[in-house]
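First comes the structure, then the notes that go with it.
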Amino acid sequence: DTEVTQTPKHLVMGMTNKKSLKCEQHMGHRAMYWYKQKAKKPPELMFVYSYEKLSINESVPSRFSPECPNSSLLNLHLHALQPEDSALYLCASRGQGKGPQHFGDGTRLSIL
Amino acid sequence: GNSVTQMEGPVTLSEEAFLTINCTYTATGYPSLFWYVQYPGEGLQLLLKATKADDKGSNKGFEATYRKETTSFHLEKGSVQVSDSAVYFCALSTPWETSGSRLTFGEGTQLTVNP
Numbered sequence: 698d699t700e701v702t703q704t705p706k707h708l709v710m711g712m713t714n715k716k717s718l719k720c721e722q723h724m725g726h727r728a729m730y731w732y733k734q735k736a737k738k739p740p741e742l743m744f745v746y747s748y749e750k751l752s753i754n755e756s757v758p759s760r761f762s763p764e765c766p767n768s769s770l771l772n773l774h775l776h777a778l779q780p781e782d783s784a785l786y787l788c789a790s791r792g793q794g795k796g797p798q799h800f801g802d803g804t805r806l807s808i809l
Numbered sequence: 002g003n004s005v006t007q008m009e010g011p012v013t014l015s016e017e018a019f020l021t022i023n024c025t026y027t028a029t030g031y032p033s034l035f036w037y038v039q040y041p042g043e044g045l046q047l048l049l050k051a052t053k054a055d056d057k058g059s060n061k062g063f064e065a066t067y068r069k070e071t072t073s074f075h076l077e078k079g080s081v082q083v084s085d086s087a088v089y090f091c092a093l094s095t096p097w098e099t100s101g102s103r104l105t106f107g108e109g110t111q112l113t114v115n116p
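Listed below in structure tokens is the structure:
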């Protein structure tokens, strides 16, 4: 069982919809990440939160809006997405020092 | 900047064969090195890690040794099983006090093990 929980597992939405992806971890990690992964490719970093503050935004379009309401939760708000945004969205968390990032199982997003 | 070069796939083996997936890296400072595995329809799972030179990470019969002199972290397993079929990613990170705690991935290697 993964220690990072993502919901929903699957999401289908139209280009005019607004939806949110959720991520939760209870390992006390203070860094949390959003990645986008296309088939047969490595994950691409989108956002990094460090101590609930946005520390990295990899020039992601504004139709993706991250939010970190507390140290355990991370959201990704979606609005007016495009078909090319269809992908697996992965959340990860990491403790300090040289530890690994721990990934959730992802949300598979399809844009109609 | 940091980079990871991973053996191109796909790799197809018969059950009980020996597996090597090559991984070399370029990094500033002293990175930590990881192998992640992704089974179909799932997220990434940490397979093993090494945080300093000459460390050997091991898990589920897989091993990799952090070789600073050759900047390599090759993944090996002595006898693969059908259940090992997955995509394997080599990755590195630098301590999160620098570089914004990024994880740099290789391109991934698809492994298929046939009975």
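Here the protein sequences line up with chains A and B, keeping their order. Each number in the working numbering comes from the position in the first sequence (counting from 1) with 697 added on. Each number in the working numbering comes from the position in the second sequence (counting from 1) with 1 added on. Beta carbons are placed, not taken as given, at the ideal position from N, Cα and C, and that holds for glycine.
At what residues does the beta strand (DSSP E) containing residue i begin and finish?
{"i": "Ala51(B)", "result": "Leu45 to Ala51"}
{"i": "Met729(A)", "result": "Ala728 to Gln734"}
{"i": "His707(A)", "result": "His707 to Met710"}
{"i": "Tyr40(B)", "result": "Unbroken run through Tyr40(B): none, as it is neither H nor E."}
{"i": "His776(A)", "result": "Leu770 to His776"}
{"i": "Tyr816(A)", "result": "Because chain A here runs from 698 to 809, residue 816(A) falls outside it and cannot be looked at."}
Going by DSSP in three states, residue i sits in which element: helix, strand or coil?
{"i": "Ser102(B)", "result": "helix"}
{"i": "Val114(B)", "result": "strand"}
{"i": "Val83(B)", "result": "helix"}
{"i": "Pro763(A)", "result": "strand"}
{"i": "Glu781(A)", "result": "helix"}
{"i": "Thr21(B)", "result": "strand"}
{"i": "Arg791(A)", "result": "strand"}
{"i": "His723(A)", "result": "coil"}
{"i": "Gln798(A)", "result": "coil"}
Indicate, with yes or no, if the ligand SAM has a heavy atom lying under 7 Å from the CB of residue i.
{"i": "Ala65(B)", "result": "This structure lacks the ligand SAM, and indeed carries no ligand of any kind."}
Report the partner residues of residue i according to the DSSP bridge assignment.
{"i": "Glu9(B)", "result": "Answer is none; Glu9(B) lacks a bridge partner."}
{"i": "Thr71(B)", "result": "Thr71(B) is not bridged to any residue."}
{"i": "Glu64(B)", "result": "Ser59(B) and Glu77(B)"}
{"i": "Leu130(B)", "result": "Here chain B comprises residues numbered 2 to 116, so residue 130(B) is not present and cannot be evaluated."}
{"i": "Lys813(A)", "result": "Outside the displayed range of chain A (698 to 809) lies residue 813(A), so it cannot be described from this structure."}
- Message: Check whether the region 18-29 of chain B and the region 55-75 of chain B touch, using three or more Cβ-Cβ pairs below 8 Å as the test.
- Response: yes
- Task: State whether the region 800-808 of chain A contacts the region 699-716 of chain A, with contact taken as three or more CB pairs (one from each stretch) at a distance under 8 Å.
- Result: yes
- Query: Contact between the region 743-751 of chain A and the region 722-734 of chain A: three or more CB pairs below 8 Å?
  - Reply: In short, these stretches touch, since the Cβ pair count reaches three.
- Query: Is the region 2-9 of chain B touching the region 711-726 of chain A in the sense that three or more CB pairs, one from each, lie closer than 8 Å?
  - Reply: no
- Message: Beta carbons nearer than 9 Å to chain A: which residues of the region 29-57 of chain B have them?
- Response: Tyr31, Pro32, Ser33, Phe35, Tyr37, Gln39, Gly42, Glu43, Gly44, Leu45, Gln46, Leu47, Lys50, Thr52 and Lys53
- Query: Looking at chain B, which residues of the region 736-766 of chain A have a Cβ within less than 8 Å of any of its Cβ atoms?
  - Reply: Lys737, Lys738, Pro739, Pro740, Leu742, Val745, Ser747, Ser752 and Ile753
- Message: Below 8 Å, how does it come out for the region 785-795 of chain A and the region 68-87 of chain B: are there three or more Cβ pairs, yes or no?
- Response: no
- Below 8 Å between beta carbons is the criterion; list the residues of the region 104-115 of chain B that meet it against any residue of chain A, in chain order. Leu104, Phe106, Gly107, Glu108, Gly109 and Gln111
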